[in-house]
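Everything below concerns the one structure shown next.
There are 2 protein chains.
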Amino acid sequence: MNKTTISDIASKAGVSRMTVSRVLSGNGPVAEETAKKIKSIMAEMNYQPNLIARSLSIRKSMNLGVLIPKTEQLFLDNYIAQVLSGVSDIAQENDYRIMLVPVNQSCSEKGSYINYARSNLFDGIILVKAKINDPNLPELAESGFPFILVNYRKNEHGYNYVDSENVKGAELAMEHLYEKGHRKIAFVEGTKEETNSRDRLKGYKNSLKKFGLEYREEYVICGEFEKEIAYERSESLLNLVERPTAIFCSDDYMALGVIERIKTYGLSVPNDIAVIGFDNIEISQFSRPALTTVRQPIYEIGKTAATALLNIIGNKISQPVRKILKTKLIIREST
Amino acid sequence: MNKTTISDIASKAGVSRMTVSRVLSGNGPVAEETAKKIKSIMAEMNYQPNLIARSLSIRKSMNLGVLIPKTEQLFLDNYIAQVLSGVSDIAQENDYRIMLVPVNQSCSEKGSYINYARSNLFDGIILVKAKINDPNLPELAESGFPFILVNYRKNEHGYNYVDSENVKGAELAMEHLYEKGHRKIAFVEGTKEETNSRDRLKGYKNSLKKFGLEYREEYVICGEFEKEIAYERSESLLNLVERPTAIFCSDDYMALGVIERIKTYGLSVPNDIAVIGFDNIEISQFSRPALTTVRQPIYEIGKTAATALLNIIGNKISQPVRKILKTKLIIREST
DNA sequence: CTGAAAGCGCTAACAG
DNA sequence: CTGTTAGCGCTTTCAG
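Just so you know, the protein sequences line up as chains A and B, in that order. The first sequence begins at 40 in my numbering and counts up one residue at a time. The second sequence begins at 40 in my numbering and counts up one residue at a time.
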């Protein structure tokens, strides 16, 4: 273990700890000779600075906290995996480390993660999949602690976010279905507590209006962004007398569930019912039929969020940060 | 931001910092009255202890470092995502946090991550996909710093690991192919620098011997655990005069690549060529045809590794830790 | 260019 | 039950 400290090096080199500290950081002025000697002693003694001590002293942790909603087997969610990849890449480029914090974002639990902001563990926080009625959010925004929301849009003071064009993305999907001749289009909503879910619903409604189609309540169900739930609840759609000829799901996982359910009815996708998803997760290209979907640039969202956060931390940017990345239709076999 | 410290609370409560510290940790004895008062003041002032300072003092970071080989878009590797899920679940149960550290495990770079062990940033380290000739490993083992290897087997002093039955798993796959009538069975190797790759090759060879089949060099190619590389190199297999009737790939990603390639030849899986993978990643059930594979309990491996590591850290267990989890054949459509 | 003093915010150990 | 002293290992500040 690491027992050698800056003092050991100093005494062995016959200098003060300060001088050692200076060669460590490469900051202050040190005579070349002295520096060389100190460096060789450090190497010889296998010295490694105690980063915790440094953090305490400089009051920076060099850590980014990535808060993700706690679920079963967290990282299997390909969406989160992609965000993380982006964040991790940027963090690394800037000598930052990232710390994963699964949090309970249920409305009731107040103070659950807001404390992390005060714990000095992170220099900034990235919040993934925040909930609309999360009671900690306003407090966090007010605190001035650097943070950024991923896939959550809120144009209020203190809020920074990176999102994608959810409304427009949904309209893209609807347009595609309309052009394919569909007039009875159902919608599978995600969690009502996420802004992107609301935005996609908005896009759905916008399109209905634009195309002069009627909004029917029985055509809209909520799948909570869960494959299994979408599987269960899509039954109601399939039992309808006027069965929809197309189903727009607000994420790919739900689309997969819906397709599975349609198959149990002996119906074919896309011949009997077309299905379109949202996100473009890894599996979507492998599913049967391959899933038509609206791509979100998730990896880029992660990169953008991390970059912005680092800029906020370094005061290199004036808040608020509000970025909206483009979505894109990817046509495959399911429509 | 957090400006209120333990001293603020102390002075406001008219007690010493120690008393406050005691109610914080819940350890030492404190009069009920005093404790109550202090607690209310802490709440009122919105106090949150500085965890960095605490770490420095108690000489524990409450952090687990998870070192994963640096690659393009890290977390998209479903294998790593599953390990992480397991680790994260256990860490959380024990009030530990996890920190992700992408590392360059290429042989040349010495000292790349060994320093982390000396940085006091982590109380222990989980090494995922370590390389056989990683020059840091012996040093790490010697240092006595708590660490555990995931999917890496090395029965030497100082090495702790959690692995799965790779040899046996490979034999399971081969047996299945043999029973299906295959006698010309090719093998796609993973990175030669990982023990599990070697073990699977060993299982392949064992089985050939057991079934009285000849080992042919031209039947073995190396796909480096990369879908694209497997796609490229499997060409040589398909061009063979005596083309194999089955291909055993040492991971699912490579199996997907091979299947893709087979399709470009206008051949069908499994009718013309059977393909079997290893791991059972998420996509394998969605691929076309759905992939027959050998399941590794990856999530459990992550959990087991984290549990063992925490025990090592807490001195609750005598090293070495050497766990081998079971593999299982999952028959789907590709064989 | 180098060093001394003080402090980051907390806790361990001992004394009362 | 509570307080005092000292210290974790580094850096900032100021003086030389």
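C-beta atoms are modelled at their ideal positions from N, C-alpha and C, and glycine is treated no differently. Here the structure is a predicted model, which is why all the values come from computation and not from measurement.
- Interface annotation for the segment 229–252 of chain B against chain A: empty, criterion Cβ-Cβ distance under 8 Å.
- Contact check between the segment 317–324 of chain B and the segment 333–347 of chain B: three or more CB pairs, one atom from each, fall below 8 Å, which counts as touching.
- With distances taken between CA atoms, K170/B lies nearest to L188/B out of L188/B, S326/B, K244/B.
- Look at A269/B: its C-beta is not under 7 Å from any C-beta on chain A.
- Secondary structure within the segment 238–322 of chain B: the beta strand (DSSP E) runs of 3 or more consecutive residues, fully enclosed, are 259–261, 285–288, 313–318 (chain order).
- When CB distances to chain B are screened at a threshold of 7 Å, the residues of the segment 148–179 of chain A falling below it are N154, R157, S158, N159, L160, in chain order.
- A209/B is outside the set of residues whose beta carbon lies under 7 Å from a beta carbon in chain A.
- Linking S94/A to K244/B through their CA atoms gives a straight-line distance of about 53 Å.
- Here DSSP, grouped into helix, strand and coil, assigns Y118/B to helix.
- At a cut-off of 7 Å between beta-carbon atoms, I322/B makes contact with chain A.
- Interface criterion not met: the Cβ of F317/A is under 7 Å from no Cβ in chain B.
- Excluding residues up to 5 positions away in sequence, V69, A74, I77 lie with their Cβ nearer than 6 Å to the Cβ of V62/A in the same chain.
- Taking 7 Å as the threshold, the shortest C-beta distance from N205/B to chain A does not fall below it.
- In the DSSP assignment, K76/B falls within the unbroken alpha helix (DSSP H) covering 71–83.
- Residue contact check for N354/A against chain B: no CB pair falls below 7 Å.
- When only Cα atoms are considered, Y118/B and I337/B end up about 7 Å apart.
- C-alpha of M293/B to C-alpha of R327/A: approximately 20 Å in a straight line.
- The three-state reading of DSSP puts K362/A in strand, counting E and B together.
- The residues Y243, V259, F287, in chain order, have a CB closer than 6 Å to that of F226/A in the same chain once the five nearest residues on each side in sequence are set aside.
- For chain B, the residues of the segment 114–134 of chain A that bring a beta carbon within less than 7 Å of one of its beta carbons are F114, L115, A120, Q121, L123, S124, S127, Q131, in chain order.
- Residue state for Y200/A is assigned as strand, using DSSP reduced to three classes.
- Pairing E195/B with Y152/B, the inter-Cα distance amounts to about 20 Å.
- Put simply, the CB of M293/B is far from chain A, with every gap to its CB atoms at 7 Å or more.
- Taking a 10 Å sphere around the C-beta of T303/B, we find fewer than 16 other C-beta atoms and assign the residue as exposed.
- For R300/B, the nearest beta carbon of chain A is not closer than 7 Å to its own beta carbon.
- Inclusion of V142/A and L103/A in the CB contact set at 7 Å is not warranted, their separation being larger than that value.
- With a threshold of 7 Å between beta carbons, A70/B makes no contact with chain A.
- In the DSSP assignment, L103/A forms a beta bridge with I137/A, G163/A.
- A residue is called buried when at least 16 other Cβ atoms come within 10 angstroms of its Cβ; L166/B meets this threshold and is buried.
- F186/A is not a Cβ neighbour of S100/A, given a cutoff of 7 Å.
- Taken through DSSP and simplified to helix, strand or coil, P336/B comes out as coil.
- Under the DSSP assignment, I187/A falls in the beta strand (DSSP E) whose first and last residues are 186–189.
- Contact annotation, I356/A with A347/A: C-beta distance approximately 7 Å; criterion of less than 8 Å satisfied.
- Annotated three-state conformation of E372/A is coil, per DSSP.
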